[in-house]
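J.: Residue numbering for the sequence shown follows the numbering used here, beginning at 19 and increasing consecutively. I am attaching a structure below and will ask some questions about it afterwards.
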Amino acid sequence: MCAMTVPKFMAAKQQGRKLSMLTAYDYAWAEIVDQAGVDAILVGDTLGMVVQGNSTTLPVTIDEMIYHGRMVARATRNALVVVDLPFLSYQVSPQQAIENAGRILKETSAAAVKLEGGVSQAETIAALVRADIPVMAHVGFKPQSIRTVGSMGKIQRDEEALLNDAKAAEDSGAFAIVLEMVSRKIAARLTKELKIPTIGIGAGPDCDGQVLVLNDMLGMSPGFSPRFLKKYADLHGVASEAIRQYSEEVRSGSFPDDAHSHE
Numbered sequence: 019m020c021a022m023t024v025p026k027f028m029a030a031k032q033q034g035r036k037l038s039m040l041t042a043y044d045y046a047w048a049e050i051v052d053q054a055g056v057d058a059i060l061v062g063d064t065l066g067m068v069v070q071g072n073s074t075t076l077p078v079t080i081d082e083m084i085y086h087g088r089m090v091a092r093a094t095r096n097a098l099v100v101v102d103l104p105f106l107s108y109q110v111s112p113q114q115a116i117e118n119a120g121r122i123l124k125e126t127s128a129a130a131v132k133l134e135g136g137v138s139q140a141e142t143i144a145a146l147v148r149a150d151i152p153v154m155a156h157v158g159f160k161p162q163s164i165r166t167v168g169s170m171g172k173i174q175r176d177e178e179a180l181l182n183d184a185k186a187a188e189d190s191g192a193f194a195i196v197l198e199m200v201s202r203k204i205a206a207r208l209t210k211e212l213k214i215p216t217i218g219i220g221a222g223p224d225c226d227g228q229v230l231v232l233n234d235m236l237g238m239s240p241g242f243s244p245r246f247l248k249k250y251a252d253l254h255g256v257a258s259e260a261i262r263q264y265s266e267e268v269r270s271g272s273f274p275d276d277a278h279s280h281e
């Protein structure tokens, strides 16, 4: 497999090839995800929730994104690695965004950054692109705006606002765009009208690709089951049973046995 690049990622839309994307946050999982053949790995600020245990993504810092991004990029040989710009690492000014995004590319070896926003971040996207920093945009439900919208996972149905955001991101130079919690009909229209790939999460099957949080699709978050999520495994159950068995064997003295001891 040849390594994925931003131009190859963009060309997939014209070739009619769907794009697969998953999150990863450390070396071990990134290596597995990469070898399994996904097109892109997102080092998402969702790490604030699935790794750190916070209720939102807001506490995540740029240094934490770089720390996790470095591990993921080190393990990845084929997939395109994209790292989220966390809350307040790009909203202050385009200059701030360039400095932080530049740090991410220099210190992690990732290929691109992702930021939330369309019309409101058009100037920043354009500034990043002028600085030769590839940008994936993110519209629809924006987790970093949770304090404004009030709840997680609210379906976005304002068609014209979504179209304006998506067009603004594309016109500013974004190479792809995540559509989160967008009604299927609107996502299909955006996918048809945009020249850049759309990557859906909770946006239906008509997008050019899909992204899921790794921990969620592997069943590691048993209490989280939104409609858009398909769980491809039950790793929470498998791990729990393995740990239970280990603990019982240690307590009973059956582990370690002769086969697991040195002479």
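Heads up, the beta-carbon is just placed ideally off N, CA and C, and yes, glycines get one too.
Would V167 be called buried (16 or more neighbouring beta carbons within 10 Å of its own) or exposed?
T.: Exposed: under 16 other Cβ atoms inside 10 Å.
J.: Secondary structure at Q109, three-state DSSP: helix, strand or coil?
T.: Three-state DSSP puts Q109 in coil, outside helix and strand.
J.: From S239 to P215, what does the alpha carbon distance come to, in whole angstroms?
T.: Taking the straight line joining both Cα atoms gives about 29 Å.
J.: Whole angstroms is fine: what's the gap from M39's alpha carbon to F159's?
T.: Roughly 18 Å between the two C-alpha positions.
J.: Taking contact to mean at least 3 C-beta pairs separated by less than 8 Å, is the region 72-92 in contact with the region 35-54?
T.: Cβ pair count under 8 Å is three or more, so yes.
J.: Ignoring anything shorter than 4 residues or poking outside the region 168-199, list the alpha helix (DSSP H) runs there in chain order.
T.: Listed in chain order, the complete alpha helix (DSSP H) runs (minimum 4 residues) inside the region 168-199 are 177-189.
J.: For M22, write down the residues that DSSP places opposite it in a beta bridge.
T.: DSSP, once it has assigned bridges, lists no residue as partnering M22.
J.: Give me the DSSP bridge partner(s) of K132.
T.: DSSP output for K132 lists D102 and M154 as bridge partner(s).
J.: Alpha carbon to alpha carbon, what distance is there between G66 and V200?
T.: Using only the alpha carbons, I get a separation of about 23 Å.
J.: Tell whether a beta-carbon distance below 8 Å holds between V137 and V153.
T.: The answer is no: Cβ separation not under 8 Å.
J.: Per DSSP, what kind of secondary structure is V147 in: helix, strand or coil?
T.: In this structure, V147 counts as helix in the three-state DSSP scheme.
J.: Could you check if A54 is buried or exposed, using at least 16 other CB atoms within 10 Å of its CB as the buried criterion?
T.: That one is exposed.
J.: Any contact between the region 254-274 and the region 72-87? By contact I mean 3 or more CB pairs, one from each, below 8 Å.
T.: Too few Cβ pairs lie closer than 8 Å, so no.
J.: Checking 8 Å against the spacing of the C-beta atoms, do I80 and P104 come in under that value?
T.: Result yes, Cβ atoms of I80 and P104 sit closer than 8 Å.
J.: Taking all protein chains shown into account, decide if H156 is buried (16 or more other Cβ within 10 angstroms of its Cβ) or exposed.
T.: That one is buried.
J.: Provide the residue(s) that pair with Q228 in DSSP beta bridges, ordered along the chain.
T.: Beta-bridge pairing links Q228 to S38 and G218.
J.: Whose CA, out of A129, G237, S243 and C20, lies closest to the CA of A257?
T.: That would be G237, whose Cα lies nearest to the Cα of A257.
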